[in-house]
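Participant: Numbering (my numbering), first residue to last: 1 to 291.
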Amino acid sequence: VERGSWELQFPTSAFWRTTLFSSIHFLLFRRYLHLVVAQGLRPLAYAAAEVLQNYGQLDVKEHRGKTPLLVAAAANQPEIVKDLIMLGADVNAVDQKGQTVLHLGATYGLPRVIEVTECASVACNTDISFCAVMAGLTPLHCAVIAHNAAFQAENMELLSQHHLQDFLLCIQLLLHLGADYKSQDLKSNKTILHLAVQAGNLPLIQILLQLPERELQHFVNMKAHGNTALHMAAGLHGHRFQEEIVRLLLQHWADPSTRNLENEQPVHLLAPGPGTEQVARVAPPAQDAQP
């Protein structure tokens with residue numbers, strides 16, 4: 001076979017070297033975007049993202065399943081988050097733990113990250129479940145859990161007050177984006193009110209009870225494995241805010257006659273003894289509601 005005809009049928013080794021080099025270069029370039037995003041190098045990140053966008057690789061994932069958008073969110077780089085969204089990054093992409101950009105913003109208290117998602121042409125799914133360890137948490141659940149943790153650490157950390165404000169702003173932003181405050185997690189059926197009451201988070205409970213009145217009565221009396229928020233408040237034995245939380249729930253249509261799976265009304269869950277006499281007077285036994 002003549003050399004010329006052989007080269008037409010089989011590419012030269014130079015062709016394969018070029019192809020191999022291009023493939024390796026492209027793989028490295030994909031990793032490069034994740035690196036510059038994590039470091040907050042916005043001009044470099046934008047340039048790299050434009051190249052990958054042309055190849056349809058803007059949502060390429062690293063070893064933990066994070067797209068460049070998720071890396072930017074976790075690194076608290078809201079401007080880069082916005083750039084990537086404007087270039088067409090998938091705002092509902094999830095990592096190996098099932099976290100979206102909203103879950104990350106909510107979990108770490110990053111209100112600006114949540115705020116910039118409004119520029120997306122495709123709406124973020126505010127109620128997508130975070131399926132790590134089968135918890136089934138929405139971004140709103142994550143924000144409330146994080147706020148609870150900051151609230152409970154208030155007297156131990158100097159920055160806790162700042163963290164509380166950030167987490168509260170995340171909660172407000174998610175509600176503004178349309179998150180369903182009545183959503184229940186997949187593991188225990190808890191709403192954000194159940195979570196706040198269980199943590200004795202009085203300031204957050206006060207805010208949640210200001211949500212639209214047309215559904216507030218239903219929201220307050222929703223059950224998590226049979227227990228209403230009032231049942232959980234009755235179980236806050238010795239908590240400094242127990243009486244105030246019980247009183248507040250009753251003022252917002254909590255039903256003291258509701259029974260849980262053990263056929264107990266909230267008052268039956270109060271700890272015996274003189275320490276709970278005042279709470280018992282606030283929430284006396286009630287007749288069962290008529291069917």
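Don't be surprised by glycine CBs; every beta carbon is placed ideally from N, CA and C. From a predicted model like this one, the values you see are computed outputs, not experimental measurements.
Could you tell me the alpha carbon to alpha carbon distance between aspartate 255 and glutamine 161, rounded to whole angstroms?
Facilitator: Their Cα atoms are separated by approximately 33 Å.
Participant: Compute the beta-carbon to beta-carbon distance between leucine 204 and tyrosine 181, rounded to the nearest angstrom, for a pair I have assumed lies under 8 Å.
Facilitator: Their Cβ separation, rounded to whole angstroms, is 12 Å, which puts leucine 204 and tyrosine 181 out of contact at 8 Å.
Participant: If you run the structure through DSSP and keep just helix, strand and coil, what is alanine 149?
Facilitator: Helix at alanine 149.
Participant: What is the rounded straight-line gap between the Cα of alanine 73 and the Cα of glutamine 206?
Facilitator: For alanine 73 and glutamine 206, the distance between alpha carbons rounds to 30 Å.
Participant: Jot down the residue ranges of each uninterrupted alpha helix (DSSP H) in the stretch 188 to 274, minimum 4 residues, whole runs only, in chain order.
Facilitator: Runs found: 192 to 198, 202 to 208, 216 to 220, 229 to 234 and 242 to 251.
Participant: Which residue or residues does DSSP assign as beta-bridge partners of leucine 186?
Facilitator: According to DSSP, leucine 186 bridges with nothing at all.
Participant: How many Å lie between histidine 34 and proline 68 at the Cα?
Facilitator: Cα to Cα, histidine 34 sits roughly 5 Å from proline 68.
Participant: At 4 residues or longer, what runs of the alpha helix (DSSP H) sit wholly inside the stretch 25 to 73?
Facilitator: Within the stretch 25 to 73, the complete alpha helix (DSSP H) runs of at least 4 residues are 42 to 54.
Participant: Rounded to whole angstroms, what's the CA-CA distance from leucine 216 to alanine 48? Just pull it up for me.
Facilitator: Whole-angstrom Cα-Cα distance: 48 Å.
Participant: DSSP three-state call for leucine 110: helix, strand or coil?
Facilitator: Coil, per DSSP.
Participant: Label valine 133 either buried or exposed according to how many other C-beta atoms from any shown protein chain fall within 10 Å of its C-beta, with 16 as the threshold for buried.
Facilitator: With a pLDDT of only 42 at valine 133, under the threshold of 50, the placement of this residue in the model should not be trusted; the figure read from the coordinates follows. So valine 133 ends up on the exposed side.
Participant: Roughly how many whole angstroms lie between the Cα atoms of leucine 230 and leucine 249?
Facilitator: The alpha-carbon atoms of leucine 230 and leucine 249 are separated by roughly 7 Å.
Participant: Mind checking which residues open and close the alpha helix (DSSP H) that includes leucine 84?
Facilitator: Counting along the chain, the alpha helix (DSSP H) containing leucine 84 begins and ends at 78 to 86.
Participant: For the stretch 146 to 153 against the stretch 112 to 127, are there 3 or more C-beta pairs whose distance is under 8 Å?
Facilitator: No, because fewer than three Cβ pairs between the stretch 146 to 153 and the stretch 112 to 127 fall closer than 8 Å, the two stretches do not touch.
Participant: Using 8 Å for Cβ pairs, my map puts leucine 173 next to isoleucine 114. What's the rounded Cβ distance?
Facilitator: Confirmed, Cβ separation roughly 5 Å.
Participant: Within a Cβ cutoff of 7 Å, which residues of the same chain sit near asparagine 92, ignoring the five residues on either side of it in sequence?
Facilitator: If we look at asparagine 92 and ignore the five residues flanking it on each side, its Cβ neighbours are Thr100, Cys124, Asn125 and Ile128.
Participant: Given tyrosine 46, which residues of its chain have a CB within under 7 Å of its CB, disregarding the five upstream and five downstream residues?
Facilitator: Cβ neighbours of tyrosine 46 beyond the five flanking positions: Asp83.
Participant: So, under 8 Å CB-CB, phenylalanine 241 and glycine 200 are touching, yes? Tell me the CB distance rounded to an integer number of Å.
Facilitator: That pair is a contact at about 5 Å.
Participant: Does the distance from the CB of histidine 103 to the CB of proline 139 come in under 8 Å?
Facilitator: Yes.
Participant: Pop quiz: alanine 38 and valine 71 are said to be a contact at Cβ under 8 Å. What is the actual Cβ separation, rounded to whole angstroms?
Facilitator: Correct: roughly 5 Å between the Cβ atoms.
Participant: With 16 as the cutoff for other CB atoms within 10 Å, does glycine 238 come out buried or exposed?
Facilitator: The residue in question, glycine 238, is exposed, as its Cβ has fewer than 16 Cβ neighbours within 10 Å.
Participant: Can you check which of these residues, Lys97, Glu62, Gly56 and Asn263, is closest to alanine 89 by C-alpha distance?
Facilitator: The option with the nearest alpha carbon to alanine 89 is Gly56.
Participant: Do you know offhand how far proline 266's Cα is from glutamate 62's?
Facilitator: About 49 Å.
Participant: Applying the 10 Å Cβ sphere with the 16-neighbour rule, what's the burial state of serine 183?
Facilitator: The residue in question, serine 183, is buried, as its Cβ has 16 or more Cβ neighbours within 10 Å.
Participant: Would you mind working out which of Ile192, Leu236, Glu262 and Ser257 sits nearest phenylalanine 219, comparing C-alpha positions?
Facilitator: Comparing Cα-Cα distances from phenylalanine 219 to each of Ile192, Leu236, Glu262 and Ser257, the minimum goes to Ile192.
Participant: Measuring alpha carbon to alpha carbon, tell me which of Asp95, Ala224, His163 and Arg112 ends up nearest aspartate 185.
Facilitator: Of Asp95, Ala224, His163 and Arg112, the residue nearest in Cα terms is Ala224.
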